[in-house]
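> If you scroll down you'll find the structure; I have some questions about it.
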Amino acid sequence: MGTTGGDPTNANDDNKVLLYGHPYPWSSFTTVRVDGNDYSYGGTGMSMVTGATASTDSITSTWTVGNIIVTQTLTIVTSSTTGRADTAKIDYKITNNGSNSSEVGIRLMLDTMLGDNDGAPFNIPGTGAVTTEMEFTGASIPDYWQAFDDLSNPSVISQGTLTGGSATTPDTFMTAYWDDIYDTTWAYTVSTSQSLTDDSAVALYWNPKTFTAGQISTYTTYYGLGKVTIVAGNLTAGLTAPSTVSNCSNFTVVSYVTNVGGSTANDVAATISLPAGLMLSTGETSQKDMGSITNGSSNQSSWSVEPYGGVCGNMTLTVTVTSSNVDSNTVSVDVNVPEACCVTTTTTSTSTTSTSTSTSTSTINVTTTTTVPITTTTTAPVTTTTVSAEADAYEVDDTCAQATTISTDGTKQAHNFVPITDEDWVKFSAVSGIVYTIETSDLGMGADTQLYLYDTDCVSLLDENDDYMGLESLIEWTATSSGTYYVKIAPYGGYATMSSDTDYNVSVTGSSAVVNTSFFDNMEGGTNGWTATGFWHQETNPELVSIISGINPELVSLPDNGYLPSAYSGSTVWWYGENSTGTFIGSDYHTPICAEYNESDPVFNWSEYNWSCQTAKNGGTSYAANTGNLISPTIDLTGVSNASLTFMSWYEIEGVDVNMYDMMYVYISTDAGVTYTQLGAINPINDVDGESFRPYSSGGLGLTGVWVSQHFDISSYASSQMVIKFTFDTVDNLYNGFRGWIIDDVMIGTTGAAVSPTIMTVAPSGGVSGVIDPYYGCVNGTIVSIVGTNFMNGATVEFGTTYADTASVASSSLIQAEVPCALADGTYDVTVTNPNGQGATMTSAFTVTTAYPPAISSISPTSGTNDQSTAVTITGSNFENGATVEVGGTTLSNIVVVSSTSITATVPAGLSGGHKNVLVTNPDSQYDVLMGGFYVNYTTSIDQAAVIRDLPSTTTAGGSFTATLELVLGDVPPNSVIINEFVPTGWTVTGSSPTYNSFNSATGEVKWILYGASLYAMNITYTVSVPANATGTGTFTGELKYNNVDGDPVTQTITGDTSIEISAGCALKGDTDCDGLVSDFELLTYVDLWVQGTVTDFDLLEAIDNWVNSG
-14 MGTTGGDPTN ANDDNKVLLY GHPYPWSSFT TVRVDGNDYS YGGTGMSMVT
36 GATASTDSIT STWTVGNIIV TQTLTIVTSS TTGRADTAKI DYKITNNGSN
86 SSEVGIRLML DTMLGDNDGA PFNIPGTGAV TTEMEFTGAS IPDYWQAFDD
136 LSNPSVISQG TLTGGSATTP DTFMTAYWDD IYDTTWAYTV STSQSLTDDS
186 AVALYWNPKT FTAGQISTYT TYYGLGKVTI VAGNLTAGLT APSTVSNCSN
236 FTVVSYVTNV GGSTANDVAA TISLPAGLML STGETSQKDM GSITNGSSNQ
286 SSWSVEPYGG VCGNMTLTVT VTSSNVDSNT VSVDVNVPEA CCVTTTTTST
336 STTSTSTSTS TSTINVTTTT TVPITTTTTA PVTTTTVSAE ADAYEVDDTC
386 AQATTISTDG TKQAHNFVPI TDEDWVKFSA VSGIVYTIET SDLGMGADTQ
436 LYLYDTDCVS LLDENDDYMG LESLIEWTAT SSGTYYVKIA PYGGYATMSS
486 DTDYNVSVTG SSAVVNTSFF DNMEGGTNGW TATGFWHQET NPELVSIISG
536 INPELVSLPD NGYLPSAYSG STVWWYGENS TGTFIGSDYH TPICAEYNES
586 DPVFNWSEYN WSCQTAKNGG TSYAANTGNL ISPTIDLTGV SNASLTFMSW
636 YEIEGVDVNM YDMMYVYIST DAGVTYTQLG AINPINDVDG ESFRPYSSGG
686 LGLTGVWVSQ HFDISSYASS QMVIKFTFDT VDNLYNGFRG WIIDDVMIGT
736 TGAAVSPTIM TVAPSGGVSG VIDPYYGCVN GTIVSIVGTN FMNGATVEFG
786 TTYADTASVA SSSLIQAEVP CALADGTYDV TVTNPNGQGA TMTSAFTVTT
836 AYPPAISSIS PTSGTNDQST AVTITGSNFE NGATVEVGGT TLSNIVVVSS
886 TSITATVPAG LSGGHKNVLV TNPDSQYDVL MGGFYVNYTT SIDQAAVIRD
936 LPSTTTAGGS FTATLELVLG DVPPNSVIIN EFVPTGWTVT GSSPTYNSFN
986 SATGEVKWIL YGASLYAMNI TYTVSVPANA TGTGTFTGEL KYNNVDGDPV
1036 TQTITGDTSI EISAGCALKG DTDCDGLVSD FELLTYVDLW VQGTVTDFDL
1086 LEAIDNWVNS G
């Protein structure tokens, strides 16, 4: 996370880092604890449902652990402190989709880095400056926390908000040393003596709680820019408070005081002055005593303040800092109190008039008399306020029992939040299997909605939504049984502004009547109203386009000559790719080939974005991820139901993670493209873990692509005007040297009757049941190919009465499904059911046997060299005579199946370096993969990164010199490196190439952080200024911290020179070249050293005298 424009009043925080690694984050992560097991969100043990999907102001993704569904949403929202849209709202929505209860908790760890300071210090209300590890629980948890690039003179300020708004206060909040907490997934014990100044982080814990079947909860926190108003002085005063009062409740005001006056400030106190409309909370005092503050030190005070009604709008509060021996200082901030805080309903009278058209009008007259006890130096007035507002026509509908019936044809009901705490309820009749869209729209300026969907008992929460596009809310839900369901619409935060601007519409949309119509476009004769972004474009005679030789065969290895296919019909198609390369790698892809690295590993190649050149057979690395949309013209299906979308598709994507990257999505919109609903993705569900250079096409792994028909049921979106969108998203910049996605012959058929699928063949006709893996669920079942007709995306497959956990609709004529777990030996019917409820069954189609797939447990040895062959032994189970073994895609020689648990073979010489997958395949085609199980070393290169220091043998007191750090990379470059170099205390680093990330003059630490394109073998040079009074020997220490692509972070000492001798210098102060004279330039250099504190006042005066005497 980082800034763009930052605070518009602060030019120093533009384009600054707020979390380490931006824009390539990796060091912050979220832990999902399920029933005592820990999973890194998006990592091993979790399964992706929806990859990161960006909208106008948010990014959403969904992963699962068993029956627990976790949705992460990151949304740009308006900060409660700055009043600007400069904060990320971080949501984790947990849903128990199973039938049993589970214990689920969340830990969010953020690796803070403010500007160039990776050891960003904190300020915490009620505690003060925090530069060591601390833990807060229960009532001690602060309302917010702030981080700074510099406590005494901040340029970049961030803030995390823990309470208020829709924040879910964590059970535990802690500041932590990143190097230590990064190595943990949950439990962490703070050490109050552990400094954070090298590398700071924070962690938020929401402790595990019981989620019953169907239960949903959302955990929310905020992180973004903070704001502190600072007034300079001997007692520099800073003040922070929210820009707008949230929920009309108490808020915290914090004053920071730093003594820069040169001597100790005694009897320091801070006194707050509040305007009419604000008062101190019970127990607070306006004056806070800080005692004595030594020169260069800081202290803070805080107050709990709350509105009391009667006065609203923008108001100013002031804090004055005083001392018995130092000049006072005053700082002020503005706080906005919303109109809602001015109204307290004590008397309500309602009059209703009805007409023959059943239209009712309600008027609520609110008369409020408020008397506030005076307990502080702020005098709160006694006020009388009268406010009037109209309730909506459906009142009273404040409870489930009072819910108003709403139709499911999309008709909008107009409601209004009156009074300010009003909640509206509606109910609708649902039919099993129908998808319903519940949404709010047309919000007034003062409305912000939250939707809650309840089961037929009006108690069990089925789903909820706050914002999906702006302040509106939307829930898409499929009824699993028919009945009456209930929806609560509540104002965000529990209240709304009492005005005519709190009106909104709510609607529920299901399916409707049957009318025949159709749409067809074979892409000939121009764009025909289609629009495109990214690499989408029309291509005529695509068979003439080929991948350039620099990509095939150098980066990828295609099963054909690399040409695109001919159009499915006619001569024109829509293609996501570029003519300049024949791929979607981008014309500015990394070049040339890295001669020293020949990594072809499909597991760890994600680190290749760190390299400034390609590696052979790496699949092709782009400079950045890319995405694009192909959007249809408006299609009018008014009055139509039972509609289906069909199109011809050809694709070729990476073979590494086919279900996570190079995503091919299909969306539909019924509001002219304002919002889209995802119909599905055509990517395979099963990850085949292919090599990085091997493509996955519509024909299969490593095979030539073929035209296939895709079929989606869109009946629930008919009876409207709609737009179809095809989205291609690489997600990352790796393995992009393939030919992309091609679309032809798009058709919407509305035959008036749902089309039934047919099953023609099931192959193989026998295999094994899946087995339960504690991390991945049901695995290793036989993959079955079902060939037939009219298969729709989203179809399910049953073996007998047991659903396959994994089913992928490759086309309208092919489904691949994995045999589910716990099936006893025997023969089973196979049933395919489309989303529209139509199905087909082939009786006695599959027989479960007791032959299980091979399972690899280890390989020995685990590594070899590229210059000679290596004899290996593979240990595991279920190995069968005739099994084959591959390492890195190369078939081994001398294969001997010693037993069902052991295989011997020989790895040939000449393999490229790096980790390789080990693949064992039995004669029945069942297989197992040991990911990255064998490592190939290069005999001519080192294994690890290293840094070697080179210092001159001597330097001169008062002078400067250049030092060199030689960064050497191993044959498998790391993901990133951090170099921490420590120069002698009091010495100054005045510059470096490449530019350092930070220099701490107090500790002498200079830090470089290298990743992405900046990470390569290099010499780092830096200039050191030596204090004029330095004597003896200067000692240098340092460490290299690097993150391997194949293991945990590694730290090692910088080697080479460790010290430098200091000579006395020249006879004249300021004479750095020892020529007996002090020149103008030498004097200016000496003045710079004096400004930096390395030259005393006396030495500077002497140097000036020498300059005068030099003429």
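Number 815 in my numbering belongs to position 830 of the sequence shown; there are no gaps in the numbering. Backbone N, C-alpha and C fix where the C-beta goes; we use that ideal spot for every residue, glycine too.
For my contact list, residue 534 and residue 602 are in at a C-beta cut-off of 8 Å; report their separation, rounded to the angstrom.
Start at 1 with the first residue of the sequence shown, and residue 534 comes out as number 549. Start at 1 with the first residue of the sequence shown, and residue 602 comes out as number 617. So it is not a contact: roughly 14 Å between Cβ atoms.
> Report the three-state DSSP secondary structure of residue 166 (helix, strand or coil).
In the sequence shown, the residue the question calls residue 166 occupies position 181. Note: residue 166 maps to helix in three-state DSSP.
> Would DSSP call residue 317 helix, strand or coil?
Against the sequence shown, residue 317 aligns to sequence position 332. If DSSP states are grouped into helix, strand and coil, residue 317 belongs with the strands.
> Here's the rule: buried if 16 or more other CB atoms are within 10 angstroms of the residue's CB, otherwise exposed. What is residue 286?
To locate residue 286, count along the sequence shown from 1; it is residue 301. Under this definition residue 286 is a buried residue.
> Taking the alpha-carbon positions, what's the residue 1040 to residue 1057 distance?
Mapped onto the sequence shown, residue 1040 falls at position 1055. Mapped onto the sequence shown, residue 1057 falls at position 1072. Taking the straight line joining both Cα atoms gives about 30 Å.
> Between residue 775 and residue 797, how many whole angstroms is the CB-CB distance? I'm expecting something under 8 Å.
Here residue 775 refers to the residue found at position 790 when the sequence shown is read from its first residue. Here residue 797 refers to the residue found at position 812 when the sequence shown is read from its first residue. Rounded, the Cβ-Cβ distance is 6 Å, consistent with contact.
> Hey, would you say residue 200 sits closer than 9 Å to residue 81, going by beta carbons?
In the sequence shown, residue 200 corresponds to position 215, counting from 1. In the sequence shown, residue 81 corresponds to position 96, counting from 1. In this structure, residue 81 lies closer than 9 Å to residue 200 by Cβ.
> Am I right that residue 1018 and residue 1044 are in contact with their C-beta atoms under 8 Å? What's the rounded C-beta distance?
On the sequence shown, residue 1018 is found 1033 positions in, with the first residue counted as 1. On the sequence shown, residue 1044 is found 1059 positions in, with the first residue counted as 1. Yes, they are in contact, since the Cβ atoms of residue 1018 and residue 1044 sit about 5 Å apart, within 8 Å.
> Have a look at residue 86 and residue 195 and give me their C-alpha separation to the nearest angstrom.
The residue you call residue 86 lines up with position 101 of the sequence shown. The residue you call residue 195 lines up with position 210 of the sequence shown. Whole-angstrom Cα-Cα distance: 6 Å.
> Below 7 Å CB to CB, which residues in the same chain sit around residue 424 once its five sequence neighbours on both sides are set aside?
For the purposes of this step, residue 424 is taken as the residue at position 439 of the sequence shown. 457, 458, 459 and 492.
> Which residues does DSSP pair with residue 412 in a beta bridge?
Taking the first residue of the sequence shown as position 1, residue 412 is located at position 427. 390 and 471, per the DSSP bridge assignment.
> Look at the alpha carbon of residue 1082 and the alpha carbon of residue 1072, and state the distance between them as a whole number of angstroms.
Here residue 1082 refers to the residue found at position 1097 when the sequence shown is read from its first residue. Here residue 1072 refers to the residue found at position 1087 when the sequence shown is read from its first residue. Rounded to whole angstroms, residue 1082 to residue 1072 spans 10 Å at the Cα level.
> Does residue 435 pass the burial test, meaning 16 or more other C-beta atoms within 10 Å, or should it be called exposed?
Here the question's residue 435 lines up with position 450 in the sequence shown. Residue 435 is buried by the Cβ-count criterion.
> Using only the alpha-carbon positions, how far apart do residue 568 and residue 2 sit?
The count along the sequence shown starts at 1 and reaches residue 568 at position 583. The count along the sequence shown starts at 1 and reaches residue 2 at position 17. So the two alpha carbons sit approximately 33 Å from each other.
> What residue range is occupied by the uninterrupted alpha helix (DSSP H) comprising residue 1086?
As a position in the sequence shown, residue 1086 is number 1101, starting the count at 1. Here the alpha helix (DSSP H) through residue 1086 covers 1082 to 1094.
> Please tell me whether residue 675 and residue 690 are closer than 9 Å, where the distance is taken between their beta carbons.
As a position in the sequence shown, residue 675 is number 690, starting the count at 1. As a position in the sequence shown, residue 690 is number 705, starting the count at 1. The answer is no: Cβ separation not under 9 Å.
> Within the chosen definition, does the segment 820 to 827 reach the segment 791 to 809 through at least 3 CB pairs nearer than 8 Å?
No: the two stretches stay apart, fewer than three of their Cβ pairs being nearer than 8 Å.
> Taking C-beta to C-beta, are residue 428 and residue 488 nearer than 9 Å?
The residue labelled residue 428 in the question sits at position 443 within the sequence shown. The residue labelled residue 488 in the question sits at position 503 within the sequence shown. Taking 9 Å as the Cβ cut-off, residue 428 and residue 488 qualify as a contacting pair.
> Which word fits residue 275, buried or exposed, when buried means at least 16 other C-beta atoms lie within 10 angstroms of its C-beta?
Position 290 of the sequence shown, counted from the start, is the residue given in the question as residue 275. By the neighbour-count rule (16 or more Cβ atoms within 10 Å), residue 275 is buried.
> In angstroms, rounded to a whole number, what distance separates the CA positions of residue 1142 and residue 142?
A question about residue 1142 goes unanswered here, because the residues of the chain that appear run from -14 up to 1096.
> Just how far apart, CA to CA, sit residue 135 and residue 645?
Looking up residue 135 in the sequence shown gives position 150. Looking up residue 645 in the sequence shown gives position 660. Computed Cα separation, rounded: 40 Å.
> For the ligand MG, is there a heavy atom less than 8 Å away from the beta-carbon of residue 1018?
Judged by which ligands are present, the structure shown has none, so any question about the ligand MG falls away.
> Suppose you measure from the CA of residue 317 to the CA of residue 288; what does that come to, to the nearest Å?
As a first step, residue 317 is located in the sequence shown; it is residue number 332 there, counting from the start. As a first step, residue 288 is located in the sequence shown; it is residue number 303 there, counting from the start. Their backbone Cα atoms lie some 14 Å apart in a straight line.
> Could you check whether residue 231 and residue 25 sit closer than 9 Å to each other, using their CB atoms as the reference points?
Translated into positions along the sequence shown, residue 25 becomes position 40. Translated into positions along the sequence shown, residue 231 becomes position 246. Cβ atoms of residue 25 and residue 231: not closer than 9 Å.
> In the DSSP assignment, find the unbroken beta strand (DSSP E) run with residue 449 in it and report its ends.
Here residue 449 refers to the residue found at position 464 of the sequence shown. Note, residue 449: beta strand (DSSP E), 446 to 450.
> Is residue 17 closer than 9 Å to residue 62 when the C-beta atoms are compared?
Start at 1 with the first residue of the sequence shown, and residue 62 comes out as number 77. Start at 1 with the first residue of the sequence shown, and residue 17 comes out as number 32. Their beta carbons are not under 9 Å apart, which means residue 62 does not touch residue 17 by this criterion.
> So which of 643, 634, 1053 and 803 has the shortest CA-CA distance to residue 695?
As a first step, residue 695 is located in the sequence shown; it is residue number 710 there, counting from the start. With distances taken between Cα atoms, residue 695 lies closest to 634.
> Evaluate contact between the segment 254 to 270 and the segment 204 to 212, counting only Cβ atoms and requiring at least three cross-stretch pairs below 8 Å.
No, the segment 254 to 270 is not in contact with the segment 204 to 212.
> Would you call the segment 981 to 994 in contact with the segment 89 to 108, where contact means no fewer than 3 C-beta pairs closer than 8 Å?
Yes: at least three Cβ pairs fall under 8 Å.
> Quick check on residue 1075: does DSSP put it in helix, strand or coil?
Locating residue 1075 in the sequence shown gives position 1090, counting from the first residue. In this structure, residue 1075 counts as helix in the three-state DSSP scheme.
> Is there contact here, the segment 843 to 855 with the segment 888 to 898, by at least three beta-carbon pairs under 8 Å?
Contact holds: three or more Cβ-Cβ distances are below 8 Å.
> Please state if the CB of residue 971 and the CB of residue 944 are separated by a distance shorter than 9 Å.
For the purposes of this step, residue 944 is taken as residue 959 along the sequence shown, with counting starting at 1. For the purposes of this step, residue 971 is taken as residue 986 along the sequence shown, with counting starting at 1. Not a contact, by the Cβ cut-off of 9 Å.
> Between residue 838 and residue 863, which are expected to be in contact by the criterion C-beta below 8 Å, what is the C-beta distance as a whole number of angstroms?
In the sequence shown, counting from the first residue as 1, residue 838 sits at position 853. In the sequence shown, counting from the first residue as 1, residue 863 sits at position 878. The pair is a contact, with the Cβ atoms about 6 Å apart (cut-off 8 Å).
> Could you tell me which residues DSSP puts in a beta bridge with residue 399?
On the sequence shown, residue 399 is found 414 positions in, with the first residue counted as 1. Paired residues: 490.
> Who are the near neighbours of residue 788 in its chain, counting only those whose CB is closer than 8 Å to its CB and skipping five residues on each side?
The count along the sequence shown starts at 1 and reaches residue 788 at position 803. Counting only Cβ-Cβ distances below 8 Å, and skipping sequence neighbours, we find 781, 782 and 805.
> Below 9 Å between beta carbons: does that hold for residue 638 and residue 726?
Along the sequence shown, one-based indexing puts residue 638 at 653. Along the sequence shown, one-based indexing puts residue 726 at 741. In this structure, residue 726 lies closer than 9 Å to residue 638 by Cβ.
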